[in-house]
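Here is the structure we will look at.
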Amino acid sequence: MTLRLHWSPDSANIVVRIALEELGLPFIGARVNRATSEHKRPAYLALNPQGLLPVLEDGDLVLFETGAILLHLADRTGRLGAQGPEATQPHARAAFLKWLFYLSNTVNAELRAAFYSPRYVSDQTAIPALQAGLAARLRQHMALLDSVLEATGWLVSDTPTLADFYLAACLRWAQIYPRGNALIAWDDIPPRLQTLLRVVENRPAVRRAYNDEGISGEPLTAPALLDLPANQVTG
0 MTLRLHWSPD SANIVVRIAL EELGLPFIGA RVNRATSEHK RPAYLALNPQ
50 GLLPVLEDGD LVLFETGAIL LHLADRTGRL GAQGPEATQP HARAAFLKWL
100 FYLSNTVNAE LRAAFYSPRY VSDQTAIPAL QAGLAARLRQ HMALLDSVLE
150 ATGWLVSDTP TLADFYLAAC LRWAQIYPRG NALIAWDDIP PRLQTLLRVV
200 ENRPAVRRAY NDEGISGEPL TAPALLDLPA NQVTG
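Letter 114 of the sequence shown, counting from 1, is numbered 113 in numbering that gives the first Met the number 0, and no numbers are missing.
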């Protein structure tokens with residue numbers, strides 16, 4: 000069945016695109032033009048009533064939420080990553096679910112609050128304090144994640160899984176958003192996480208995914224904002 004990924008440059012869909020490339024799953028890309036509010040039109044809202052990215056169509060299945068899509072792809076292929084482990088291996092699956100939900104429900108959710116702070120406060124003067132608090136929270140998350148990497152260099156096993164690619168994308172975004180006031184700099188990232196970003200960045204599948212979204216250079220270790228209107232880059 001044909002896989003169709005609805006995407007816009009450097010949105011959460013990049014995580015799904017990397018997963019598709021890593022797992023060797025052919026797919027069709029359907030670009031969503033947020034500058035014209037295509038993601039708020041009835042046709043798109045029928046796929047995701049939140050009007051958010053990503054959406055993945057797998058035949059007659061329609062999925063949204065990055066974590067849910069990653070879990071679906073792992074189950075579809077029977078692998079948590081290109082080199083394994085198997086998606087049914089109990090201990091690996093439990094660890095994968097733990098970190099996948101942590102990244103989705105905690106890390107990425109808090110990043111969104113930092114990147115879109117005006118949506119989260121009634122008093123706009125509270126935004127600097129909110130962003131400062133979330134930057135401090137991110138440093139706590141990075142310290143925890145860095146300690147987890149001590150065993151094998153990856154979150155789940157001795158090879159990268161889809162959770163590691165999700166983590167890498169989150170750290171990219173934190174280095175460039177909010178625009179003009181990024182949450183962290185490269186030097187704020189602990190050493191083992193820096194190593195993970197270097198290794199992930201040089202994987203051919205990851206390079207292809209970023210190139211296909213118009214992101215060149217060193218997207219994880221020296222990330223730069225895309226030269227696009229803000230409403231086409233994050234959302």
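We treat Cβ as the ideally placed atom computed from N, Cα and C, and that holds for glycine.
For clarity, every value in this text was computed on a predicted model and none was experimentally measured.
### Query
Short check: CB of A79 to CB of F100, under 8 Å?
Counted from its first residue, the sequence shown places residue 79 at position 80. Counted from its first residue, the sequence shown places residue 100 at position 101. Here residue 79 is Leu; the residue named in the question, Ala, does not match the sequence. Taking 8 Å as the Cβ cut-off, L79 and F100 do not qualify as a contacting pair.
### Message
If I follow the unbroken beta strand (DSSP E) through H5, where does it start and stop?
### Response
The residue labelled residue 5 in the question sits at position 6 within the sequence shown. First-last of the beta strand (DSSP E) with H5: L2 to W6.
### Query
Distance, Cα to Cα, I126 vs Q88?
Position 127 of the sequence shown, counting from 1, holds the residue named residue 126. Position 89 of the sequence shown, counting from 1, holds the residue named residue 88. Taking the straight line from one Cα to the other gives about 44 Å.
### Task
Could you name the residues of the same chain whose beta carbon sits closer than 6 Å to that of H71, not counting the 5 residues immediately before and after it, in chain order?
The count along the sequence shown starts at 1 and reaches residue 71 at position 72. So the qualifying residues of the chain are L62.
### Query
Exposed or buried, what is G66 when buried is set at 16 or more other beta-carbons lying within 10 Å of its beta-carbon?
Counting from one through the sequence shown, the residue named residue 66 turns up at place 67. With 16 or more other Cβ atoms within 10 Å, it is buried.
### Message
Do A173 and L195 have their beta-carbon atoms positioned less than 8 Å apart in this structure?
### Response
The sequence position of residue 195 within the sequence shown is 196, counting from 1. The sequence position of residue 173 within the sequence shown is 174, counting from 1. No Cβ-Cβ contact shorter than 8 Å links L195 with A173.
#### Entry: T160 burial status per 10 Å Cβ neighbour count (16 or more: buried)
For the purposes of this step, residue 160 is identified with residue 161 of the sequence shown, where counting begins at 1. By the 10 Å Cβ count, T160 comes out buried.
### Stretch pair the stretch 131 to 146 + the stretch 178 to 188: three plus CB contacts closer than 8 Å
Result yes; three or more Cβ-Cβ pairs closer than 8 Å.
### Message
Could you tell me the alpha carbon to alpha carbon distance between L215 and Y209, rounded to whole angstroms?
### Response
Translated into positions along the sequence shown, residue 215 becomes position 216. Translated into positions along the sequence shown, residue 209 becomes position 210. Position check: residue 215 holds Ser in this sequence, whereas Leu was assumed. Approximately 7 Å, taken between the alpha carbons.
### Message
Suppose the cutoff is 7 Å on Cβ atoms and the five residues either side in sequence are ignored; what does the same chain contact list for V106 look like?
### Response
For this step, residue 106 is matched to residue 107 along the sequence shown. Non-local C-beta neighbours of V106 in its own chain, meaning closer than 7 Å and more than five positions away in sequence, comprise H140 and C169, ordered along the chain.
### Message
Let me make sure I understand the geometry here. Which of F26, L52 and E217 has the alpha-carbon closest to that of G58?
### Response
Your numbering for residue 58 matches position 59 in the sequence shown. Closest in C-alpha terms to G58, from the list F26, L52 and E217, comes F26.
### Task
Only counting runs of 4 or more residues, tell me where the alpha helix (DSSP H) segments fall wholly within the stretch 30 to 82, in order along the chain.
Entirely contained in the stretch 30 to 82, the alpha helix (DSSP H) runs reaching 4 residues are, in chain order, 41 to 44 and 65 to 76.
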